[in-house]
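Number of protein chains: 2
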Amino acid sequence: MADVKIQVNPLFLREEELRQALELLFFGYRDFTAEPDRLLAEKGFGRAHHRVIYFVGRHPGLAVSHLLGILKITKQSLSRVLGQLVEEGYISQRPGERDRRQRLLELTDKGRDLERQLTAAQTELVARAYRAAGAEAVEGFRTVLLGLINEKDRERFLDPGRGSFE
Amino acid sequence: MADVKIQVNPLFLREEELRQALELLFFGYRDFTAEPDRLLAEKGFGRAHHRVIYFVGRHPGLAVSHLLGILKITKQSLSRVLGQLVEEGYISQRPGERDRRQRLLELTDKGRDLERQLTAAQTELVARAYRAAGAEAVEGFRTVLLGLINEKDRERFLDPGRGSFE
DNA sequence: GTAGAAAAGTCAACATGGCTGACGTAAAAA
DNA sequence: TTTTTACGTCAGCCATGTTGACTTTTCTAC
Chain L
49 MADVKIQVNP LFLREEELRQ ALELLFFGYR DFTAEPDRLL AEKGFGRAHH
99 RVIYFVGRHP GLAVSHLLGI LKITKQSLSR VLGQLVEEGY ISQRPGERDR
149 RQRLLELTDK GRDLERQLTA AQTELVARAY RAAGAEAVEG FRTVLLGLIN
199 EKDRERFLDP GRGSFE
Chain P
49 MADVKIQVNP LFLREEELRQ ALELLFFGYR DFTAEPDRLL AEKGFGRAHH
99 RVIYFVGRHP GLAVSHLLGI LKITKQSLSR VLGQLVEEGY ISQRPGERDR
149 RQRLLELTDK GRDLERQLTA AQTELVARAY RAAGAEAVEG FRTVLLGLIN
199 EKDRERFLDP GRGSFE
């Protein structure tokens with residue numbers, strides 16, 4: 049009976065709370081990508097290049113099909129961006145040993161440089177937010193975000209042992 | 049002295065932890081927008097239309113310049129999208145009372161319908177993640193995301209009383 | 001009351017980065 | 001040997017961002 053008071057208009061609160069989450073994600077993501085976007089624009093690149101550079105840096109020797117799986121875009125879309133990065137010497141390709149049809153991707157020194165710049169801009173922002181929020185909040189942040197991710201990709205975070213993308 | 053042990057390779061852990069955050073944000077945001085994107089595509093709209101519909105729904109009577117401030121895009125970009133939404137009867141315009149130069153924006157019934165569909169898709173995803181994570185994690189999620197947002201916009205979340213965008 | 005600033009809109013041109021569809025080549029797998 | 005797979009390419013379309021220039025209406029300050 050005493051509980052009833054606490055439940056005053058729970059639908060409104062829930063709705064507000066959830067809408068706030070949508071906005072936090074919108075504004076948060078917008079600002080999260082703002083600084084890399086500026087750095088990339090200087091080099092004539094866009095956000096698509098960033099994603100490629102990031103994941104190739106994170107998984108050296110990544111095959112093209114794996115990268116397509118991560119990004120969930122078409123190979124034609126990827127090829128435009130990847131082609132530029134290879135041409136301009138940010139990414140190198142070599143045939144796979146076990147499967148020579150594959151072109152395994154790696155960052156060159158130049159690519160690694162750019163990757164570090166871009167990642168630094170974002171990690172610094174996140175590090176500030178993490179420090180300000182505290183360890184417990186960080187855990188909560190990770191838990192909730194993980195819950196937004198589709199199950200298949202989620203596994204890679206829960207089981208970081210096998211970092212592969214099929 | 050005893051602290052030293054705890055600090056074994058703190059740089060590596062920090063780097064990994066921060067990179068994980070970048071990826072959580074990337075995958076989380078990607079999946080967060082996936083369902084609305086599909087709904088919108090059916091109507092020939094895109095994510096830009098979603099943002100306009102969302103913020104007009106959230107702030108009925110919003111002026112165009114305020115919307116531009118929220119979205120941080122040019123008025124030419126907005127005008128294309130907004131023009132379609134007005135033309136197709138999702139959004140209505142009326143002159144401001146105090147300032148008749150303004151065109152205050154509001155959702156029509158049709159617009160409200162679509163807004164509800166889109167928001168429902170996202171709030172359901174977030175609600176699932178919130179339920180699975182628990183109240184404490186939700187607080188942490190909000191705190192960290194808030195920390196990613198630039199100070200000016202952040203105020204609007206901390207002080208929800210005045211929901212205006214100058 | 002007039003000058004200037006502000007709110008909104010418009011036209012034009014361009015870039016990025018998604019998409020589909022069709023087709024080609026080399027290598028692996030059946 | 002046939003079929004499938006990994007990768008690439010050409011061509012064209014669409015959505016959504018940009019800059020720059022210009023107009024109209026209305027408000028504000030002097």
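Protein chains in written order, with my numbering: chain L, 49 to 214; chain P, 49 to 214.
Glycine residues also receive a C-beta, built at the ideal position from the N, C-alpha and C atoms.
Model, not experiment: these values are computed from the prediction.
Let's test the definition: count the other Cβ atoms within 10 Å of the Cβ of residue i and tell me whether it reaches 16, buried, or not, exposed.
| i | result |
| --- | --- |
| residue 122/P | exposed |
| residue 143/P | exposed |
| residue 141/L | exposed |
| residue 211/L | Residue confidence for residue 211/L is low, a pLDDT of 45 falling below 50, so the modelled location carries little weight; the figure read from the coordinates is stated next. So residue 211/L counts as exposed. |
| residue 201/P | buried |
| residue 86/L | exposed |
| residue 50/P | Only weak support is given to the placement of residue 50/P: the predicted model assigns it a pLDDT of 48, under 50, and the value that follows is read from those uncertain coordinates. Label assigned to residue 50/P: exposed. |
| residue 137/P | exposed |
| residue 203/L | exposed |
| residue 206/L | exposed |
Sort the options by Cα distance to residue i and report the nearest one.
| i | options | result |
| --- | --- | --- |
| residue 95/P | 204/P, 77/P, 173/P and 176/P | 77/P |
| residue 93/L | 150/L, 159/L, 109/L and 152/L | 159/L |
| residue 155/L | 82/L, 130/L, 91/L and 194/L | 130/L |
| residue 98/P | 167/P, 204/P, 197/P and 193/P | 167/P |
| residue 71/L | 148/P, 103/P and 114/P | 103/P |
| residue 157/P | 105/P, 74/P and 91/P | 105/P |
| residue 194/L | 205/P, 182/P and 197/P | 182/P |
| residue 83/L | 199/L, 205/L and 169/L | 169/L |
| residue 110/L | 139/L, 75/L and 199/L | 139/L |
| residue 148/L | 112/L, 199/L, 196/L and 197/L | 112/L |
| residue 165/P | 118/P, 146/P, 74/P and 90/P | 90/P |
| residue 62/P | 107/L, 118/L, 171/L and 101/L | 171/L |
What whole-angstrom Cβ distance do residue i and residue j have, given they're in contact under 8 Å?
| i | j | result |
| --- | --- | --- |
| residue 133/L | residue 126/L | So it is not a contact: roughly 10 Å between Cβ atoms. |
| residue 173/L | residue 196/P | 6 Å |
| residue 73/P | residue 80/L | 6 Å |
Check your understanding: Hey, which unbroken runs of the alpha helix (DSSP H) at 4 residues or more fall wholly within the region 102 to 152 of chain L?
Key -> 112 to 119 and 123 to 135
Review point. Do the region 61 to 72 of chain P and the region 177 to 194 of chain L make contact, defined as three or more Cβ pairs closer than 8 Å?
Key: yes
Exercise for review: Say whether the region 113 to 122 of chain L touches the region 179 to 196 of chain L, bearing in mind that this needs 3 or more beta-carbon pairs closer than 8 Å, one atom from each stretch.
Suggested key: Look at the beta carbons and you see the region 113 to 122 of chain L not touching the region 179 to 196 of chain L: under three pairs across the two are nearer than 8 Å.
Exercise for review: Could you tell me whether the region 145 to 152 of chain L touches the region 161 to 177 of chain L, using the rule of 3 or more Cβ pairs below 8 Å?
Suggested key: No, they do not touch.
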